Each structure stands twice: as C-alpha cells, then as structure tokens.
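Student: One structure, pasted below without further comment.
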DNA sequence: GGCGTCGTTAACCCTTGCGTTATATAACCC
DNA sequence: GGGTTATATAACGCAAGGGTTAACGACGCC
C-alpha cells in the first residue's frame with residue numbers, strides 16, 4: 001500500500017486495470033501524462049513489482065506487466081476493515097453517527113444531510 | 001490516497017476504525033509504536049485531515065478525530081475499479097487468465113497450476 | 001554477426017517529507 | 001489570574017525518493 005502513495009504509480013495500476021500491457025506502453029502513457037522520462041517510469045514499475053502490486057512476464061524483448069489481484073484484495077480488505085465499523089454505524093441509522101454530539105449537543109452534517 | 005502511503009498514517013486511521021478519539025490518545029499510540037514524538041503525530045493527523053481522510057472536532061481543550069467514511073469510499077471505489085476487470089476474468093473461470101498465452105502459445109503457470 | 005529496439009540499472013542531483021526541539025495558543029481548574 | 005494540560009505551529013536538519021542522463025543487457029531481424 002505504501003507503493004500506491006504515488007500518483008504515477010496509481011496511474012500505472014489504473015492502466016493495467018483492463019489487462020496486461022508491455023512496459024513501453026505504460027511508460028509512454030505516464031511519460032506523456034506526467035512529463036517524466038522512460039527510466040523514471042521503469043523505476044516506478046519496479047517499485048510496484050517489488051511491492052507485490054504487479055507481476056512482470058517476459059515476452060520476447062518486451063515485458064508484460066499485470067496487476068496482481070491478491071494485492072488489491074489486501075488493500076480492499078484493509079479499507080473494508082476500517083469501513084466496517086462505519087457501515088454498521090450507518091446501519092444503526094443515525095443512532096448517533098457523531099459521537100461528539102452527545103457532549104456538545106450540536107447537529108452533525110453527516111446525519112443531517 | 002497519497003496520505004495513506006505512510007505506515008504511521010495508516011495506523012492512525014486504523015486506530016480510528018472503531019470510533020473517534022482525541023488527538024492525545026492517537027499521538028500516544030503511534031508515539032509508542034513508532035517511536036516518534038507528539039508533534040510528529042500531530043503533523044500526520046494534519047496531513048490526514050487536509051487529505052480529507054479525517055475530520056477533527058473540537059471538544060473542549062481536546063480535538064476529537066474521526067474517519068471520514070466518504071474518503072474510504074473513494075479508496076475502495078478506486079480499488080474496486082481496478083479489481084472489477086479481474087473479478088469478471090475470474091468469473092469466466094480461467095477462460096484465459098493470462099492473456100500473454102495467446103501470443104506466446106506457452107502454458108501459463110497461473111492456469112496450469 | 002551487426003544493428004535497432006525494448007527495457008533495466010547506475011550514478012548523481014535536488015526536492016520533498018519526516019523527524020526533532022522549542023514555542024505558541026487555547027481551554028480547564030483552582 | 002496563574003498554573004496545568006492538550007494540541008498545534010515554527011524553525012530547522014537530515015535522509016529518502018524521485019527525476020535526469022548515460023550506459024548496459026537482452027532479444028529480434030536481416
């Protein structure tokens with residue numbers, strides 16, 4: 001998840017959302033969008049690879065990159081873990097979404113809106 | 001999402017998973033776990049706040065922090081957007097998980113194993 | 001085998017970001 | 001009001017990360 005803290009890297013993952021692509025294609029895309037060089041893109045791919053977000057498969061002279069779904073699972077699981085609480089809170093239907101209310105007695109935008 | 005690229009900040013969000021907490025409590029926790037000072041923790045909270053991940057509500061001399069669920073929605077939506085493709089791929093049950101196959105004609109470890 | 005292409009690695013610079021200590025602001029309490 | 005607690009900001013140093021250019025390794029083609 002640390003690896004996804006960079007917008008270029010997030011973009012690279014996005015570009016791989018609909019299937020694998022050769023490194024060159026990815027590099028061309030982010031180079032154009034972010035104005036960075038091809039080696040820079042390569043390094044981002046490397047970081048993503050080492051973080052387990054992507055896999056690289058040799059295809060002749062090219063390298064096909066692809067998303068590793070399990071990694072996305074982990075991310076989603078993490079977010080889900082945090083969100084779960086809020087979901088059941090909302091499930092309890094505004095019983096008291098903002099706990100500060102009780103102390104301040106103020107209306108909460110989350111429940112009001 | 002950039003804000004979640006830091007382990008301390010992720011931890012802070014985790015600590016807020018089960019409800020809001022005062023800054024001091026959060027600071028104490030991450031200070032202990034990561035060996036950082038209170039001001040450092042405060043800055044992380046600030047980053048998370050400015051990123052829209054957290055909200056801060058004054059409670060007397062304290063400041064109650066809480067997760068902003070909408071922000072988590074965005075994260076999950078992003079991941080979901082990337083994952084969706086993979087989900088339907090897996091739904092098609094190994095019809096051809098590794099698209100590289102067709103170009104190379106070689107057996108893919110993912111499908112073979 | 002020589003050449004062009006694809007991609008990664010190396011070496012280096014500069015900015016960003018995180019950490020620290022010291023200090024400011026604000027609320028509570030007596 | 002003075003002191004204490006709670007939290008944020010300021011000023012600053014340092015390490016890390018990301019960018020660049022140059023060079024290297026690997027494959028494909030003729």
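Protein chains in written order, with the numbering used here: chain C, 1 to 113; chain B, 1 to 113.
Ideal Cβ positions, reconstructed from N, Cα and C, are used throughout, including at glycine.
Bear in mind that the values here come from a model prediction, so they are computed numbers and not experimental data.
With a 10 Å radius around its C-beta and 16 neighbouring C-beta atoms as the bar for buried, classify residue 32 of chain B as buried or exposed.
Tutor: exposed
Student: What runs of the alpha helix (DSSP H), each 4 residues or longer, lie entirely inside the segment 9 to 45 of chain B?
Tutor: 23 to 34
Student: I need the DSSP call for residue 59 of chain C, collapsed to helix, strand or coil.
Tutor: strand
Student: Could you name the residues of the same chain whose beta carbon sits closer than 6 Å to that of residue 4 of chain C, not counting the 5 residues immediately before and after it, in chain order?
Tutor: For residue 4 of chain C, the CB contacts under 6 Å within the same chain, skipping 5 residues up- and downstream, are 10 in chain order.
Student: Tell me the DSSP secondary structure of residue 64 of chain C in three-state form.
Tutor: strand
Student: For residue 46 of chain B, count neighbouring Cβ atoms within 10 angstroms of its own Cβ and tell me buried if that reaches 16, exposed if not.
Tutor: exposed
Student: Find the residues of chain B that neighbour residue 41 of chain C, judging by a C-beta separation of less than 7 Å, and give them in chain order.
Tutor: Residues of chain B passing the Cβ test: none, with the nearest at roughly 18 Å.
Student: Would you report the Cα separation of residue 64 of chain C and residue 19 of chain C, rounded to the nearest angstrom?
Tutor: 10 Å
Student: Looking only at C-alpha atoms, which of C/13, C/26, C/7, C/85 sits nearest to residue 83 of chain B?
Tutor: C/13
Student: What residues from chain C crowd round residue 38 of chain B, counting only those whose CB sits closer than 7 Å?
Tutor: Close to residue 38 of chain B, with beta-carbon spacing below 7 Å, lies no residue of chain C; the smallest spacing is near 22 Å.
Student: Measure how close the beta-carbons of residue 72 of chain B and residue 79 of chain C come, nearest whole angstrom, since I'm counting them as under 8 Å.
Tutor: 5 Å
Student: In or out: residue 77 of chain B buried (at least 16 other Cβ within 10 Å) or exposed?
Tutor: exposed
Student: Drop a sphere of 10 angstroms on the beta-carbon of residue 62 of chain B, count the other beta-carbons inside from all chains shown, and report buried for 16 or more, exposed for fewer.
Tutor: exposed
Student: Between residue 49 of chain B and the rest of its own chain, which residues show a CB-CB distance below 6 Å, the 5 nearest in sequence each way excluded?
Tutor: 56
Student: So residue 17 of chain C packs on residue 85 of chain B, CB below 8 Å; how close in whole Å?
Tutor: 5 Å
Student: Residue 81 of chain B touches chain C at which residues, Cβ-Cβ below 7 Å?
Tutor: 17
Student: Who does residue 54 of chain C pair with in a DSSP beta bridge?
Tutor: C/67
Student: My assumption, with CB atoms under 8 Å, is that residue 41 of chain C sits in contact with residue 27 of chain C. Please give the rounded CB distance.
Tutor: 4 Å
Student: Sorted by chain position, which residues of the same chain lie with C-beta nearer than 7 Å to residue 38 of chain B's C-beta, five sequence neighbours on each side aside?
Tutor: 27, 31
Student: Could you tell me whether the Cβ of residue 4 of chain C comes closer than 8 Å to any Cβ of chain B?
Tutor: yes
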